[in-house]
Amino acid sequence: RVKSVVERSLPQFAAALRKTVPDESSFPEDPQEYYNAVAETLKSVTKCIRGQGRYVIAAFPEEMKELKGHIDVIGREINSMNGTFRPALEKTARIDAVSKSYERCRDIAERHGALLEENIRIEKEIGDSEPALSEIERSISELKDSSEYGNYEAAIAGKTAAGEELVRIADSLHLITANLGNVLRKVSYAAEKDGAKELVKDIARFEAALNAYDLSAEEKEDASEIETLWSPLYSAVAGYVRDNPSFIKTKSEERLLTDDGALISEISGLRKSYAAQKQSLSEHVLKIESSDAAKRLAELSSRRTELKENLERSKNTIASNKDAVAGLEAEYPSACEKLTEALSNLKGKPVQLENLPQLPQ
């Protein structure tokens with residue numbers, strides 16, 4: 012059994028031990044780093060013996076005992092080095108503390124100076140920008156008082172009015188269609204009861220044409236297509252209305268059936284008014300789009316917005332920098348005090364720093 016264990020475990024233990032112990036040339040030359048590397052190697056070897064080595068002890072008790080003895084010797088030697096390294100390490104730590112304290116004082120002073128310089132630069136930029144902003148405001152005011160800009164505003168008002176009038180005219184046509192539709196539905200119902208199928212079809216065709224009539228269609232200069240359908244239809248519709256006065260409920264419905272030309276006259280009038288307002292709208296849009304005053308105002312307004320945003324950012328930066336400067340000024344005495352303490356610890360006696368740089372105000 013021992014032989015079996017040795018055959019399996021000894022090669023593994025030897026390989027693990029060789030892997031754990033590096034070549035001497037690979038150890039660092041720096042004393043502190045060398046010490047740390049040797050200590051870590053010793054820990055690894057000890058761990059290896061307690062791990063893989065425990066299977067080998069039964070076969071090689073004396074050899075493993077001797078190996079442990081060598082490790083103990085090395086361990087004692089490493090421990091003896093502590094007396095040499097500890098003072099050096101402690102001094103290095105004190106030097107590092109001085110270095111860090113000094114760097115913090117230097118960083119505070121440099122950051123403090125940089126913030127003050129940045130504020131001086133930004134304040135100069137603000138001083139240059141504010142007159143430029145005032146000049147833009149003056150130019151905008153003068154432009155808005157000019158006759159050219161007055162024409163531009165008039166064109167905008169004209170465009171709005173023309174657009175509103177187009178909507179009103181379209182609504183008027185819809186109202187005519189609805190009013191006449193109320194009467195025609197009653198006539199169509201009566202005609203269907205009388206068996207006048209052709210009249211019912213003619214009314215349906217006319218209503219479809221009236222509902223589809225588009226005031227904005229450029230090819231329609233009048234209501235001729237409506238008139239073509241309405242003229243032969245009017246007499247029959249008017250006859251049913253005369254025989255059934257209750258078919259008329261409003262003055263608007265009555266007005267449309269006064270004679271065969273009333274409806275066509277109203278639609279033609281709406282068509283002409285629509286065309287006139289559409290032309291007016293186009294003219295106003297052209298004036299607006301070609302207005303140099305509007306283009307100049309847009310440029311000035313854009314520049315004014317940009318300047319205002321830049322000024323706002325600059326003022327916010329100055330305020331933020333002032334807060335940061337105040338914080339650094341509050342921290343600086345404490346940082347200098349820590350530097351003094353660090354130097355005192357390094358020297359082993361109280362020290363007093365003179366001619367420390369004062370933060371500029």
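Remember, the numbering used here sits 11 above the position in the sequence shown when you count from 1. Cβ atoms here follow ideal geometry from the backbone N, Cα and C, with glycine treated the same way.
| Item | Value |
| --- | --- |
| What is the DSSP secondary structure of residue 234, reduced to helix, strand or coil? | coil |
| Out of curiosity, what's the CA-to-CA distance linking residue 127 and residue 311? | 33 Å |
| Note the first and the last residue of the continuous alpha helix (DSSP H) segment covering residue 73. | 72-156 |
| Assess contact between the segment 218-229 and the segment 253-269, defined as three or more Cβ pairs (one per stretch) separated by less than 8 Å. Is contact present? | no |
| Could you spell out the range, first to last residue, of the alpha helix (DSSP H) harbouring residue 49? | 42-62 |
| Over the uninterrupted alpha helix (DSSP H) stretch that includes residue 365, give me the two end residues. | Neither: residue 365 is in no alpha helix (DSSP H) and is coded neither H nor E. |
| I'd like the list of long-range same chain contacts for residue 186, defined as Cβ closer than 8 Å, with 5 residues on each side in sequence excluded. | 263 |
| When you compare the CB positions of residue 288 and residue 180, do they come within less than 8 Å of one another, or not? | yes |
| Just to confirm, is the Cβ distance from residue 258 to residue 241 under 8 Å? | no |
| According to the Cβ coordinates, are residue 299 and residue 167 closer than 8 Å? | yes |
| Going by other Cβ atoms of all chains shown within 10 Å of its Cβ, with 16 needed for buried, is residue 138 buried or exposed? | exposed |
| Do residue 154 and residue 318 have their beta-carbon atoms positioned less than 8 Å apart in this structure? | no |
| Counting along the chain, where does the alpha helix (DSSP H) carrying residue 281 start and finish? | 273-300 |
| Evaluate residue 63 with the Cβ neighbour count: other Cβ atoms within 10 Å of its Cβ, from every protein chain shown; 16 or more gives buried, anything less gives exposed. | buried |
| Quick one: grab the DSSP three-state call for residue 258. | helix |
| Under the rule that 16 or more other beta-carbon atoms within 10 Å means buried, what is residue 302, buried or exposed? | buried |
| Should the segment 336-345 be called in touch with the segment 111-123, which here means at least 3 C-beta pairs below 8 Å? | yes |
| With H, G and I counted as helix, E and B as strand and the rest as coil, what does DSSP make of residue 204? | helix |
| Tell me whether the beta-carbon of residue 292 lies closer than 8 Å to the beta-carbon of residue 212. | no |
| Considering only residues of the same chain and omitting the five flanking positions on each side of residue 355, which have a CB-CB separation below 6 Å? | 361 and 362 |
| Shortest alpha-carbon distance to residue 194 belongs to which of 327, 215 and 104? | 215 |
| Measure how close the beta-carbons of residue 116 and residue 308 come, nearest whole angstrom, since I'm counting them as under 8 Å. | Between residue 308 and residue 116 the Cβ distance is about 55 Å, and since that is not below 8 Å, they are no contact. |
| When we look at the beta-carbon of residue 327 and count the other beta-carbons within 10 Å, is it buried (16 or more) or exposed? | exposed |
| Just reading off the alpha helix (DSSP H) that residue 343 is part of, what are its end residues? | 303-358 |
| CB residue 163 to CB residue 330, shorter than 8 Å? | no |
| Should residue 90 be labelled buried (16 or more other beta-carbon atoms within 10 Å of its own) or exposed? | exposed |
| Which value, in whole angstroms, describes the spacing of the CA atoms of residue 196 and residue 294? | 42 Å |
| In this structure, how does DSSP classify residue 68 when only helix, strand and coil are distinguished? | coil |
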